[in-house]
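S.K.: As given, the protein sequences belong to chains D, H, L and S, one line each in that order.
Taking the numbering used here, the leading residue of the first sequence gets 4, the next gets one more, and so forth.
Taking the numbering used here, the leading residue of the second sequence gets 108, the next gets one more, and so forth.
Taking the numbering used here, the leading residue of the third sequence gets 928, the next gets one more, and so forth.
Taking the numbering used here, the leading residue of the fourth sequence gets 6, the next gets one more, and so forth.
Virtual Cβ for every residue (Gly too), placed ideally from N, Cα, C.
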Amino acid sequence: MFMRWFHELGSPPYFYRFAGRLIPWLGGLCLVLLVTGLYLGLIVAPSDYQQGESYRIIYIHVPSAWMSLFIYVVMAACGAIALIWRMKLAEVVAISSAPVGASFTFLALVTGSLWGKPMWGTWWVWDARLTSELLLLFLYLGVIALYSAIEDKRQAARAASILAIVGVVNIPLIHYSVEWWNTLHQGPTVTKFDAPSIDVRMLVPLLIMALAFKLFYIVNMLMRARCELLSRERNSRWVAELAEADHG
Amino acid sequence: MSDLSLRSAFAVLLKRDLVLAYRRRAEIANPLLFFILITALFPLGLGSNKPMLQAVGPGVIWVAALLAALLSLDGMFRSDFEDGSLEQLMLSSHPVSLLVVAKISAHWLVTGLPLVVVAPLLGVLLSLPGDAIAVLVLTLLLGTPILSLIGAVGVALTVGLRRGGIILSLLVLPLYVPVLIFASDAVSTAAAGIPITAQLYIIGAMLVLALSLAPLATAASLRVSLS
Amino acid sequence: MTPRRKKRLYLVLIILAGIGTATGLALTAFDENLMFFYSPTEVRAGKAPTDHPFRLGGLVTEGSVERQADGLTVRFELTDTQEAVTVQYTGILPDLFREGQGIVSKGRLGADGVFVADEVLAKHDENYMPPEVADALKTAHEQGVQGTQAKTAVQ
Amino acid sequence: MPELAAELLECERNGRVLFSGLGFSLQPGQILMLEGRNGSGKTSLLRILCGIRLPDAGLVSWGGEDIFKLGPDYHEHVSYVGHRDGVKQDLTPRENLRIARAMGKPNPDVEIEDVLEFFDLYDLDDVPTRTLSAGQQRRLALGRLLVTRATLWLLDEPFTSLDRHGIDRFEKLMQEHGEAGGMVALTTHHRVALPDTKRINLSS
């Protein structure tokens, strides 16, 4: 049953329609969560005992950083599926994820820098966490550049997938860098094994923002995937029918 | 029987690349000259202030080694791709990932090993202390094979592209960064007289990891690039 | 098993062995001193370089911060609760710099044992809480400490 | 001896479908001619049969097994001569053949000297291949077919740059290979006078 649904979803026209119906709902939900999260985080949540109001940048910084890792893993996993089972849709999802992931990585770096200046006293420091996150940005850009450089898009997607998989070695490095090395960057707050060391009034907006960012990624990725599918399958019958229905 | 023929295929391929390199030795010398020149530019540009040269020396030599390796990468598969030998390699009755190791070894022997050999000279030019020079040679010995291994994946991905050079550096340099960090850190730490076993373990770990995964990734990339 | 399967199995085993060795080497490395900064104890033990810049990390000792006459130079003690090192710094300190706070400073160790920093960075911790909670926690902690002391005394 | 079979092959390039639903089989002793206009996908089909290129759909099997699963175990039966000769310009013809032999399953019944002799390259065996004419280089590439025990020959325009004599000679060689139970799949624009050939036209 599930496998059949999965298989159906793998067919481009079905996915195109399915994603088209999903996008407005998820997009709406994302907007609601974003507004709630920002309101709770920026206005309702109390200020921090040490950092005062400046800590509020975590509501952007932390979810972006999480997403930068999450999207990379999704991209590499889809890349692996694309390589092993030669599934067209996995190629499209992998490649549509890259620009979103790169943007989140960039956002995490910029907000981190804005936070670092008042708190640490420096915009940037070459510690393990920051360096490995910067490398992640370059890995994303490499995937995007390689994909756009190869003309045949199926071949391009497979090449980009291999690169994405090779780059996965960087992911544990980023995640564990704060534990393995004595970095300037502080250790994990929410994901550590014992109870999160953050007040619950601060935690709730953070989690809401994280969910909103995740939805934003899904919506953005689906939109990109739809475009990518249309351009790849421009010669196929279902796209022709779609175009005709649009004109008629 | 099949092991024997695999071993002979490996040896034949290694020998082939070495002979080809020897017959084109002028081209092979280029990355080495580049390595020496880049390093020599720094004392000229920064002035011969000894403590400062000592401080930047390890990083400079390693960055130069990185760039020299990058410059030499294109030769690994390009000519094989252009004359069709790469297709023949893919159609061998031996696993491609093992034949790729032969090619990478040849590449390292021809372009990586010379860097290791001239490194002490450059260390002297940048007035590194003797201990640091020994560590420099050791890190290059452990690190340059990693550069060849990771580079092979990058070249394999871009070999079909007409202007692959720029993209190649975008793909490969970020993956080179960890080697650069730990290796140059090891050299400058050694210059300060502090033990560097930790850095060497890390570089060793990277070498083993690259040895076990890069050939597979290279073979897969070649398959994609040729299709 | 067909020869092809066997070959593939060997290959997988070799790769797994490789990954295992790499992990082992990396873990060994983490047991050694591979870090962003040195602690005061290590500095006191002579493990830090003498003629080379390095990073020193620790907590600012309560009541140790003194400003020099020029208003810019600051002297304070950094401690890891075992040992302490005096640090001298000229420049603007980050917002988070205060007594009891974690600090990473970069500089050289002078012959007199004073660490002359040319950069001071404040490392904040992973805890986020409103000030009143922090106060409450602090009191609770102190009471807890007194409680255990009382217990020990009784025993 | 196993047969080569293709089922429902589809190939697209840059989003354009070159062929789809293509199926055929090649038995021992058969010669298959792939025909079609320029750009109809002949070379792509040959490369799919080699296992260099992935088909976008469908399956190529050797003795009932997917060639992509067989990998090197399939390639030991295959010898391919493509557009590009696949010879190293800086090596001598003899060195080139020695490498080709080591890459595949060496044929113990054939000496490299005999191959050089057969393709009229014997006197040139110690000069770099770069100094050879296009036709001589082509003959050297074709010489690769004989040094391994490959039974399936996949040839992309094998007659390019060959003179009349060379063409006759190679046609005869293909015929003998077929009679000995080998298989050949080739693309060509030449009119080839071979009996018992199978034809597939990709343009129709």
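For Arg1002(L), which three-state DSSP category applies?
M.R.: Taking the first residue of the third sequence as position 1, residue 1002(L) is located at position 75. Note: Arg1002(L) maps to strand in three-state DSSP.
S.K.: Counting contacts by CB-CB distance shorter than 8 Å, is Val315(H) in contact with chain C?
M.R.: Although the question refers to chain C, the structure presented lacks it and instead comprises the protein chains D, H, L and S.
S.K.: What does DSSP give as the partner residue(s) for Ser84(S) in the beta ladder?
M.R.: The residue given as residue 84(S) occupies position 79 in the fourth sequence. Answer by DSSP bridge pairing, in chain order: Trp158(S).
S.K.: Taking the Cβ atom as the reference point for each residue, do Asp125(S) and Pro98(S) lie within a distance shorter than 8 Å?
M.R.: Here residue 125(S) refers to the residue found at position 120 when the fourth sequence is read from its first residue. Here residue 98(S) refers to the residue found at position 93 when the fourth sequence is read from its first residue. In this structure, Pro98(S) does not lie closer than 8 Å to Asp125(S) by Cβ.
S.K.: Hey, is Gly258(H)'s beta-carbon within less than 8 Å of any beta-carbon in chain S?
M.R.: By 1-based counting over the second sequence, the position of residue 258(H) is 151. It does not: the Cβ of Gly258(H) has no partner Cβ on chain S nearer than 8 Å.
S.K.: Need the endpoints of the beta strand (DSSP E) that Val1014(L) sits in, please.
M.R.: Translated into the one-based positions of the third sequence, residue 1014(L) becomes position 87. Unbroken beta strand (DSSP E) run through Val1014(L): Ala1011 to Thr1017.
S.K.: Output the residue ranges of the beta strand (DSSP E) runs that lie fully inside the region 167-197 of chain S and measure 3 residues or longer, sorted by chain position.
M.R.: Within the region 167-197 of chain S, the complete beta strand (DSSP E) runs of at least 3 residues are 188-192.
S.K.: How would you list, in chain order, the residues of chain L whose beta-carbon sits under 7 Å from the beta-carbon of Asp78(S)?
M.R.: Stepping through the fourth sequence from its first residue, residue 78(S) is reached at position 73. Ordered by position in chain L, the residues that pass the 7 Å Cβ test against Asp78(S) are Arg931.
S.K.: Is the beta carbon of Asp181(H) sitting closer than 8 Å to the one on Gly272(H)?
M.R.: For the purposes of this step, residue 181(H) is identified with residue 74 of the second sequence, where counting begins at 1. For the purposes of this step, residue 272(H) is identified with residue 165 of the second sequence, where counting begins at 1. Yes, they are a contact pair.
S.K.: Going along the chain, which residues of its own chain have a beta-carbon closer than 8 Å to the beta-carbon of Val222(D), five neighbours each way excluded?
M.R.: Against the first sequence, residue 222(D) aligns to sequence position 219. Ile26, Leu29, Gly30 and Cys33.
S.K.: What did DSSP end up calling Leu39(S) once you bin it into helix, strand or coil?
M.R.: By one-based count along the fourth sequence, residue 39(S) stands at place 34. Leu39(S) falls in the strand class under three-state DSSP.
S.K.: Taking Cβ-Cβ distances below 9 Å as the criterion, which residues of the region 966-977 of chain L are in contact with chain H?
M.R.: Those would be Lys974, Ala975, Pro976 and Thr977, in chain order.
S.K.: Within 10 Å of its beta-carbon, does Leu191(S) have 16 or more other beta-carbons around it, so buried, or fewer, so exposed?
M.R.: The residue labelled residue 191(S) in the question sits at position 186 within the fourth sequence. Result: buried.
S.K.: Going along the chain, which residues of its own chain have a beta-carbon closer than 6 Å to the beta-carbon of Gly219(H), five neighbours each way excluded?
M.R.: On the second sequence, position 112 is the one that residue 219(H) refers to. Taken in chain order, the residues that qualify are Thr251 and Ser255.
S.K.: If we define contact as Cβ-Cβ less than 8 Å, is Gly20(S) a contact residue for chain D?
M.R.: As a first step, residue 20(S) must be located in the fourth sequence, where it is residue number 15. Yes, contact with chain D.
S.K.: Can the beta-carbon of Ser98(H) be found closer than 8 Å to that of Val260(H)?
M.R.: Here chain H comprises residues numbered 108 to 334, so residue 98(H) is not present and cannot be evaluated.
S.K.: Give the residues of chain L in contact with Tyr308(H), contact being defined as C-beta atoms less than 8 Å apart.
M.R.: As a working mapping, residue 308(H) is identified with position 201 in the second sequence. Leu952, Ala953, Thr955, Ala956 and Glu959, listed in chain order.
S.K.: Tell me, which residues are paired with Trp67(S) by DSSP?
M.R.: Reading the fourth sequence from its first residue, position 62 is the one you call residue 67(S). According to DSSP, which records beta bridges pairwise, Trp67(S) is partnered with Leu9(S) and Glu70(S).
S.K.: Does DSSP put Pro200(S) in a helix, a strand or coil?
M.R.: Position 195 of the fourth sequence, counted from the start, is the residue given in the question as residue 200(S). Pro200(S) falls in the coil class under three-state DSSP.
S.K.: Determine whether the Cβ of Met108(S) lies closer than 8 Å to any Cβ atom of chain H.
M.R.: Within the fourth sequence, numbered from 1, the residue matching residue 108(S) stands at position 103. Yes, because at least one Cβ of chain H sits closer than 8 Å to the Cβ of Met108(S).
S.K.: So, using beta-carbon positions, are Thr156(S) and Gly183(S) closer together than 8 Å?
M.R.: Taking the first residue of the fourth sequence as 1, we reach residue 156(S) at position 151. Taking the first residue of the fourth sequence as 1, we reach residue 183(S) at position 178. Going by C-beta atoms, Thr156(S) is not nearer than 8 Å to Gly183(S).
S.K.: Closest by CA to Val207(H), which one among Ala133(H), Leu229(H) and Val262(H)?
M.R.: Taking the first residue of the second sequence as 1, we reach residue 207(H) at position 100. Comparing Cα-Cα distances from Val207(H) to each of Ala133(H), Leu229(H) and Val262(H), the minimum goes to Val262(H).
S.K.: From the DSSP output, in three-state form, read off Tyr52(D) for me.
M.R.: One-based indexing of the first sequence puts residue 52(D) at position 49. Coil.
S.K.: Let's test the definition: count the other Cβ atoms within 10 Å of the Cβ of Lys974(L) and tell me whether it reaches 16, buried, or not, exposed.
M.R.: The residue labelled residue 974(L) in the question sits at position 47 within the third sequence. Under this definition Lys974(L) is an exposed residue.
S.K.: Have a look at the DSSP bridge pairing and note the partners of Glu15(S).
M.R.: For the purposes of this step, residue 15(S) is taken as residue 10 along the fourth sequence, with counting starting at 1. In DSSP, Glu15(S) forms a bridge with Ala62(S).
S.K.: List, in order along the chain, the chain D residues whose C-beta lies closer than 8 Å to that of Leu59(S)?
M.R.: Against the fourth sequence, residue 59(S) aligns to sequence position 54. Those are Arg89, listed as they occur along chain D.
S.K.: Compare the C-alpha of Ala93(D) against each of Arg132(D), Pro15(D) and Asp130(D) and name the closest.
M.R.: By 1-based counting over the first sequence, the position of residue 93(D) is 90. Comparing Cα positions, the closest option is Pro15(D).
S.K.: So is His1051(L) in contact with chain D if we call contact Cβ pairs under 8 Å?
M.R.: As a first step, residue 1051(L) must be located in the third sequence, where it is residue number 124. Yes, His1051(L) counts as interfacial toward chain D.
S.K.: So what does DSSP say about Val279(H), is it helix, strand or coil?
M.R.: The residue you call residue 279(H) lines up with position 172 of the second sequence. Note: Val279(H) maps to helix in three-state DSSP.
S.K.: Counting only beta-carbon separations shorter than 8 Å, does Val119(H) have a partner in chain S?
M.R.: Residue mapping note: residue 119(H) aligns to position 12 of the second sequence, counting from 1. Judged by the 8 Å Cβ criterion, Val119(H) is in contact with chain S.
S.K.: Would you identify the three-state DSSP class for Gly1074(L), choosing helix, strand or coil?
M.R.: Along the third sequence, read from residue 1 onward, the residue named residue 1074(L) stands at position 147. Because Gly1074(L) sits at a pLDDT of 45, beneath the cut-off of 50, its placement in the model cannot be relied upon, and the point is left open.
S.K.: Cβ atoms of Ala944(L) and Ala312(H): under 8 Å apart, would you say?
M.R.: On the second sequence, position 205 is the one that residue 312(H) refers to. On the third sequence, position 17 is the one that residue 944(L) refers to. Taking 8 Å as the Cβ cut-off, Ala312(H) and Ala944(L) do not qualify as a contacting pair.
S.K.: For Ser30(S), which of helix, strand or coil comes out of DSSP?
M.R.: Numbered from its first residue, the fourth sequence carries residue 30(S) at position 25. Strand.
S.K.: Run the CB neighbour count on Gln1062(L), radius 10 Å, all protein chains shown included, and call it buried at 16 or more, exposed below.
M.R.: Translated into the one-based positions of the third sequence, residue 1062(L) becomes position 135. In the sequence under discussion, the amino acid at residue 1062(L) is Asp, which differs from the Gln named in the question. Exposed: under 16 other Cβ atoms inside 10 Å.
S.K.: With DSSP as the reference, identify every bridge partner of Glu993(L), one or two as the case may be.
M.R.: Taking the third sequence and counting its residues from 1, one reaches residue 993(L) at position 66. According to DSSP, which records beta bridges pairwise, Glu993(L) is partnered with Arg1002(L).
S.K.: Hey, how far is the Cα of Arg131(H) from the Cα of Asn137(H)?
M.R.: On the second sequence, position 24 is the one that residue 131(H) refers to. On the second sequence, position 30 is the one that residue 137(H) refers to. Cα-Cα distance, rounded: 11 Å.
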